[in-house]
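1 is the number of the first residue of the sequence shown in this note's numbering; add one for each residue after it. We treat Cβ as the ideally placed atom computed from N, Cα and C, and that holds for glycine.
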Amino acid sequence: MSLLALGIGLGPVQADPLPLRCRLGNGPWQHCSMDVDRPGERWSIQVAGRRIAFRHDGSGTVTMQDPAPVSPANSGGGGAWVPVATTWIAGPALCWNGVCAQGDIPLD
């Protein structure tokens, strides 16, 4: 399990965006980048002209703020912080609900 996904991590803030590949829902893999504001606490992914933000509150819960949700279940929550399930899929890729990232994801 990723330490970033768990919200564990101390260390310097990543200054430059990290190049990754991302997929929204069942869409194609595409270039994206990750900005880390506070390792293990706040990060965001820039993909397809969108900035999807993530935060961890220290209790084990990761929430996501997506201006254009990728699933009908979240269609009413554009811009709202919603809890997400963090999973690994084949590739490997780390996913938060329908948002998946692949590459050198910082683990702490």
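Which of the three DSSP states is assigned to residue i in this structure?
{"i": "S59", "result": "coil"}
{"i": "P83", "result": "strand"}
{"i": "P19", "result": "strand"}
{"i": "W29", "result": "coil"}
{"i": "D35", "result": "strand"}
{"i": "I105", "result": "coil"}
{"i": "A68", "result": "coil"}
{"i": "A48", "result": "coil"}
{"i": "A90", "result": "coil"}
Skipping 5 residues on each side, what residues in its chain have a beta carbon closer than 7 Å to that of residue i?
{"i": "G76", "result": "With a pLDDT of 49 at G76, under the threshold of 50, the predicted position of this residue should be treated as unreliable, though the coordinate-derived value follows. Cβ within range, chain order: n/a, list empty."}
{"i": "W88", "result": "L94"}
{"i": "A85", "result": "N97"}
Would you mind working out which of the options sits nearest residue i, comparing C-alpha positions?
{"i": "P106", "options": "I45, P28 and G60", "result": "I45"}
{"i": "P17", "options": "M34, G79, P83 and V82", "result": "M34"}
Under the assumption that residue i contacts residue j (Cβ atoms under 8 Å), give the Cβ distance between them as a whole number of angstroms.
{"i": "V62", "j": "H56", "result": "5 Å"}
Report all residues from its chain with a CB closer than 6 Å to the CB of residue i; omit the five preceding and five following residues, and keep chain order.
{"i": "R23", "result": "W29 and C100"}
Please return the same chain residues whose Cβ sits closer than 8 Å to the Cβ of residue i, not counting the five positions on each side in sequence.
{"i": "R51", "result": "S44, I45 and P67"}
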